[in-house]
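Before any comments, here is the structure.
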Amino acid sequence: MKHRGRHRRRRRGRALRATLAGTALALTAAATLISASQATVADAPGALRPVASDEGGRLPLAEHRVPGRWLDRLASKMGRPVGVGTVLEGADLPLRDAAHCSTAAKHSLPVEPAATRAYCFGGSDTRGWRAGAVTTSGDADDDGRWGGNRVILSGWTRGAAGGGSMDGPAPGQGLAKVAFVDANDSARLRYTWALLAVPVDGGQDYRGLISPLSGMVWYQDKLLVTTRERDRDALYVYDMDRIQRATVESDAVGRVRGGWAAHGYRYVLPAVASYTLPGGDDVSRPATVSLDRSTSPDSLVASEWVPADDDRRTRLWRYALSRDPARSGLLSTDSSGRAAPVEAYETKTTGVRGVLAHRSGWYLDRTAGDPGGHGTLWRQDTKGARATECGTDETRHCWSGDSGSLSYWQETGEVWSQSGRTLFALPLTSIDRALD
């Protein structure tokens, strides 16, 4: 894979950051101040505790590739795969900008620091679906573009409840889909959908991926997504150059009379690999992930889900990404195909919905303690922890309402996340200033 225009747009990125900073005040005014009833917070979680290599909980992952002949067979039957550019050409669904978002959507935005821009999904295409993961072309390539396009990916799950397991008891329940958002014009974002799937029957067919998408990273030509509890596969991997067109508009998934269906969507991504957990019923699993470009090599960081009322510590992991051009977008593995974490930590922070690591800091997005409330964004390292205080009662519940995954767009310096149906962004520098 060839990187798209690396380092060409640094100057343009600086200008964009300056423009975005000027919009923060408008969104700050739209955010609702937090009430005193939300002021009670848990004690500060303290410093991260490193987990030694000989301790349990370091979570090695075993890589399994879908046989190439399966993918080739599927492509021969469905037609030649397409890329991200082709998908964006059909992006015809508009995202509303912050000024046209509902009062509830504006209330869910961070209070301190404030979002500099926000966009809302709406309409029947998200009714009954839950948003849970965000990644961007800023993850895919460090110049922030993929094939010349700025792109945001937003992951959704049918009927998912955050943090819990899901067995998909009804048709369509638990299906996972991704909104491909054309972000080339920040004043006019548009999107279209692609369904995530898993090849079966030797590549003769595919099934829908049944999983809450609580974490997602697009790195080089691969998309890595988290999977549900009680599934031995911790992460599924998709190839962004192997997007298939659906040929039949139907609620079914897979091979149907007359062609191929993707639950009514135009595109489907068949998985090309997965990373499985070690054996045992009590093994931890990644619940949310993000990319860290401040390490060498680039790395994938992950956090598990521990309920807010649990007294168990939350585990964090860092995995190196491969530098081998033949393994673009995949984790670095040993000769047995295992990816062992290069770092592991424990934290007292529970209820973590989003994780981000940059340089020495880990940013943990802790869910709100009550419906309609706001969450807390902690920055932790091996020395201590900080969270923003806001409101007259100095509460730490200053982050977004329905918290979600975190993604850092290096070229613009923005952190992207999603609160319910609202995508939002703000500079990482503003987060750090609020935490100093």
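Residue numbers for the sequence shown follow this note's numbering, beginning at 32 and rising by one. Backbone N, C-alpha and C define an ideal beta-carbon position, used for all residues, glycine too. Since this is a predicted model, take the numbers as computed values, not measurements.
- With 16 or more other Cβ atoms inside 10 Å of its own Cβ, HIS428 counts as buried.
- Residues of the same chain with a CB within less than 6 Å of the CB of VAL337, apart from the 5 flanking positions on each side, are ARG343, THR345 and THR381 in chain order.
- The beta-carbon separation of VAL165 and SER438, rounded to 5 Å, stays under the 8 Å limit for a contact.
- In the displayed model, VAL337 falls within coil according to three-state DSSP, outside both helix and strand.
- In the DSSP assignment, LEU92 falls within the beta strand (DSSP E) that extends over 92-96.
- If you compare the alpha carbons of ARG104, ASP123, VAL373 and ALA418 with that of ALA83, the shortest gap goes to VAL373.
- THR157 sits in coil when the DSSP states are folded into three classes, being neither helix nor strand.
- In this model, GLY415 and HIS389 are separated by some 16 Å (Cα to Cα).
- TRP440 is the residue among TRP440, PRO328, ARG452 and LEU454 whose C-alpha sits nearest the C-alpha of THR460.
- DSSP, reduced to helix, strand and coil, places VAL118 within a helical segment of the structure shown.
- Straight-line spacing of the CA atoms in LEU408 and ARG397 works out to 6 Å.
- PRO309 and ARG349 have their C-alpha atoms roughly 17 Å apart.
- Around the beta-carbon of GLN235, fewer than 16 other beta-carbon atoms lie within 10 Å, marking it exposed.
- Counting only the Cα atoms, GLU442 lies some 35 Å from PRO230.
- A straight line joining the alpha-carbon of GLY246 with that of THR257 spans about 5 Å.
- In the structure shown, SER107 falls within a helical segment according to DSSP collapsed to helix, strand and coil.
- Around the beta carbon of ASP270, 16 or more other beta carbons lie within 10 angstroms, which makes this residue buried.
- LEU206 and GLY295 have their C-alpha atoms spaced approximately 12 Å apart.
- Taking a C-beta distance under 7 Å as the contact criterion, LEU92 and ALA304 do not qualify as a contact pair.
- Sorting ILE183, LEU322 and LYS253 by C-alpha distance to the C-alpha of ALA357 places LYS253 at the top.
- DSSP places LEU184 in the uninterrupted beta strand (DSSP E) bounded by 182-189.
- Cβ contact annotation for ASP467 (same chain, cutoff 7 Å, sequence separation greater than five): none.
- Burial state of ARG452 is buried, judged by a 10 Å Cβ sphere holding 16 or more other Cβ atoms.
- By the neighbour-count definition (other C-beta atoms within 10 Å, threshold 16), ASP401 is an exposed residue.
- Taking C-alpha positions only, PRO141 is separated from GLY233 by approximately 47 Å.
- Only residues of its own chain outside the window of five on either side were considered, and among them TRP177 and TRP249 have a CB closer than 6 Å to the CB of ALA171, listed in chain order.
- Per DSSP, reduced to three states, the secondary structure at SER461 is helical.
- By the Cβ neighbour-count rule, HIS95 is exposed, with fewer than 16 other Cβ atoms within 10 Å of its own.
- The alpha helix (DSSP H) runs of length 4 or more contained entirely in the stretch 205-288 do not exist; there are none.
- For the pair GLY404 and GLU143, the Cα-to-Cα distance works out to about 14 Å.
- Per the Cβ contact rule, the stretch 281-293 is not in contact with the stretch 120-131 (fewer than 3 Cβ pairs under 8 Å).
- In this structure, TYR150 sits near LEU220, with a CB-CB distance shorter than 7 Å.
- A residue is called buried once 16 or more other Cβ atoms fall within 10 Å of its Cβ, and GLU120, having fewer, is exposed.
- The DSSP-derived three-state label of ARG358 is helix.
- Counting only runs that start and end inside the stretch 127-173, the alpha helix (DSSP H) elements of at least 4 residues fall at 134-138 and 168-171.
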